[in-house]
């Protein structure tokens, strides 16, 4: 529904608003608070009351690292992480549906248990995968950003951005998952040459530091 507020729909939205009575109440509900929603608020709402749950998201308890890799090295790097980390459960994010399915297949071929979930799956199938993963039927879940909104799984202690996100809001939603419920968490970002500016920008916008991954990671910082 957020897309209804994008520029291409603006004439239609303006026409709809003109048909509304002068005294009216407009309610906006969104999983995120992007620029399009802010622009609509500023343009059409008078003294609006805002409840922004984004303010409750935090990186507290999350240790964040990046590994600088070439695209062709990502699967090998992921395999190394699997062999070295103490993973209760992990969520691995990709930026497209096709990459989710391809990566899930690669992980399975490497001998690790893996589910995947994305928006093009039937809702019943997605629900079944989520239910089974939450109940511990599988250790690793590959997904798109469909899985970043309002879904909490206590056993997840590692998040891996196989594909680095494009903006800080998405990063916060993805990475925050591993440290919820007061548990510690670990976030590992696989960074290519093209991602370096996004990495710097996200650090600046979130006021955080994402350090280069060390040869050894102390389990005490993400296992509790």
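Residue numbers (the UniProt record's numbering): 1 to 224. By construction, the Cβ of each residue, glycine as well, lies at the ideal position given by its N, Cα and C atoms. Since the structure is predicted, the reported quantities are computational estimates derived from the model, not experimental observations.
For residue 104, the enclosing alpha helix (DSSP H) starts and ends at 97-109.
Between residue 141 and residue 90, the gap from beta carbon to beta carbon is short of 9 Å. DSSP places residue 82 within a helical segment (H, G or I) once states are collapsed to three.
Residue 25 sits in coil when the DSSP states are folded into three classes, being neither helix nor strand.
Residue 185 is a Cβ neighbour of residue 157, given a cutoff of 9 Å.
With three or more CB-CB distances shorter than 8 Å, the segment 69-87 counts as touching the segment 188-197. Taking a contact to require three or more Cβ pairs closer than 8 Å, the segment 194-206 and the segment 74-87 do not qualify as touching. Checking the DSSP bridge columns, you'll see residue 223 has no partner listed.
Straight-line measurement puts the Cα of residue 208 at about 10 Å from the Cα of residue 63. For residue 15, the enclosing alpha helix (DSSP H) has its first and last residue at 10-18. Cβ atoms of residue 59 and residue 188 stay farther apart than 8 Å, at about 14 Å. Nearest in C-alpha terms to residue 95, of all of 108, 127, 110, 163, is 163. Between the alpha carbons of residue 98 and residue 104 lies a distance of about 10 Å. Between residue 143 and residue 125, the C-beta gap is not smaller than 9 Å, which leaves the two residues out of contact.
If you check the CB distance, residue 212 and residue 66 come in under 9 Å. By a beta-carbon distance limit of 8 Å, residue 27 does not contact residue 37. Their separation comes to about 12 Å. DSSP places residue 116 in the uninterrupted beta strand (DSSP E) bounded by 114-117.
By the neighbour-count definition (other C-beta atoms within 10 Å, threshold 16), residue 120 is an exposed residue.
Residues of the same chain with a CB within less than 6 Å of the CB of residue 48, apart from the 5 flanking positions on each side, are 41 in chain order.
According to the DSSP assignment, residue 202 belongs to the alpha helix (DSSP H) that extends over 196-206.
The three-state secondary structure of residue 65, taken from DSSP, is strand. The C-alpha of residue 9 is placed about 38 Å away from the C-alpha of residue 134.
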